[in-house]
Amino acid sequence: MQTRNEIGSIPVRKAAFSRAANAWQPALPGLEIRRLDNIFFAVCPEEAAATQIHDIAKSIGVEFGLRGRLLDRLCLHLTLHGLGEFEGLPRSRIAQANDAARSISMPAFDVGFDRAMSFGTNGQNRPLVLRGSVGHAELRRLHRLLGEAMRRVGLGKRLRKSFTPHVTMLYDSRSVAERTVPPVRWTVREFVLIHSPQGHSRHHHLGRWELRG
802 MQTRNEIGSI
812 PVRKAAFSRA
822 ANAWQPALPG
832 LEIRRLDNIF
842 FAVCPEEAAA
852 TQIHDIAKSI
862 GVEFGLRGRL
872 LDRLCLHLTL
882 HGLGEFEGLP
892 RSRIAQANDA
902 ARSISMPAFD
912 VGFDRAMSFG
922 TNGQNRPLVL
932 RGSVGHAELR
942 RLHRLLGEAM
952 RRVGLGKRLR
962 KSFTPHVTML
972 YDSRSVAERT
982 VPPVRWTVRE
992 FVLIHSPQGH
1002 SRHHHLGRWE
1012 LRG
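Structure below.
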């Protein structure tokens, strides 16, 4: 499978690389703060679906008095597999991830989400998530195929067999019981490799791969 954006032509802005390269930022004399870079594979909603998800989260937040900050529409995603957290961008790992992603052959498919709920029963950062059932067999297949490909290229140490498809909308100390919401649907035509710098509310796409098979 050919990709539209592979290693060697990653369009990441220089600002992102300068922050990643300087992963240790001094806050006070003699004190350093560790800034990590999280890298993971994910599926992202189409623009219209992302707007709808954002509106659902906003509505639930108002109804339940949630104070957690809504995730930016451009940061909404469904995680497939993580590579880990690093100090800066690990070029060799990203190249391995690229090799794994290129081997995936699978047609595009539709997904649907129609329930919202909080994960976890305690703590200050319970994720409010969107769940559903449409297309989740295909999501699990993509998760499995990508995991197998990652193992083949030597990225299997951090893989998790369990997989619960969901989109996180915000984090809050309050818990929201499962409830129905207006259905959100979109067609999954690609998956992406995301770089998420810790402490910065933004994502950089390091690669994207079309689904076709």
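Sequence positions in the sequence shown follow my numbering and run 802 to 1014.
Glycine residues also receive a C-beta, built at the ideal position from the N, C-alpha and C atoms.
Candidates the options: closest to residue i by CA position
i, options, result
"alanine 938", "Leu947, Val912, Val930", "Val912"
"arginine 932", "Ile840, Thr981, Gly1008, Asn926", "Thr981"
"phenylalanine 914", "Gly1014, Arg892, Gln853, Leu956", "Gln853"
"isoleucine 840", "Arg1013, Glu1011, Leu1007, Gly1014", "Leu1007"
"arginine 1013", "Gly885, Gly921, Gln999, Ile905", "Ile905"
"lysine 962", "Pro984, Gly883, Ser893, His1005", "Gly883"
"arginine 916", "Val968, Arg894, Glu847, Phe887", "Val968"
"aspartate 873", "Gly921, Cys845, Arg953", "Cys845"
"glycine 957", "Thr988, Glu864, Arg894", "Arg894"
Simplified DSSP state of residue i, which is helix, strand or coil
i, result
"isoleucine 857", "helix"
"aspartate 900", "helix"
"valine 912", "strand"
"methionine 918", "strand"
"valine 863", "helix"
"tryptophan 1010", "strand"
"leucine 877", "coil"
"leucine 931", "strand"
"methionine 951", "helix"
"isoleucine 995", "strand"
"leucine 971", "strand"
"arginine 980", "strand"
"histidine 944", "helix"
"arginine 777", "This structure cannot settle anything about residue 777, because the visible part of the chain is limited to 802 through 1014."
Residue environment, residue i, which counts as buried when at least 16 other CB atoms sit within 10 Å
i, result
"glycine 955", "exposed"
"serine 997", "buried"
"alanine 978", "exposed"
"glutamine 925", "exposed"
"glycine 862", "buried"
"glycine 948", "buried"
"alanine 898", "buried"
"alanine 849", "exposed"
"serine 810", "Note that serine 810 scores a pLDDT of 36, beneath 50, so its modelled location is shaky and nothing firm can be said."
Distance CB(residue i)-CB(residue j) smaller than 8 Å
i, j, result
"isoleucine 995", "histidine 855", "no"
"arginine 986", "alanine 909", "no"
"phenylalanine 842", "phenylalanine 964", "no"
"serine 860", "arginine 927", "no"
"arginine 999", "leucine 837", "It is glutamine, not arginine, that sits at residue 999 in the sequence shown. Yes; because the gap between Cβ atoms is below 8 Å, this pair is in contact."
"alanine 901", "methionine 951", "yes"
"methionine 918", "valine 935", "no"
"leucine 943", "leucine 890", "no"
"glycine 866", "tyrosine 972", "no"
"arginine 959", "glycine 885", "yes"
"arginine 903", "tryptophan 1010", "yes"
"isoleucine 857", "proline 983", "yes"
"methionine 907", "leucine 871", "no"
Which residues DSSP lists as bridging residue i, in chain order
i, result
"glycine 885", "Ile840"
"threonine 965", "Threonine 965 is not bridged to any residue."
"histidine 937", "Histidine 937 is not bridged to any residue."
"histidine 1005", "His996"
Residue-chain proximity (residue i, chain D), Cβ-Cβ < 8 Å
i, result
"leucine 971", "Looking at the structure shown, chain D is missing, and only one protein chain is on hand."
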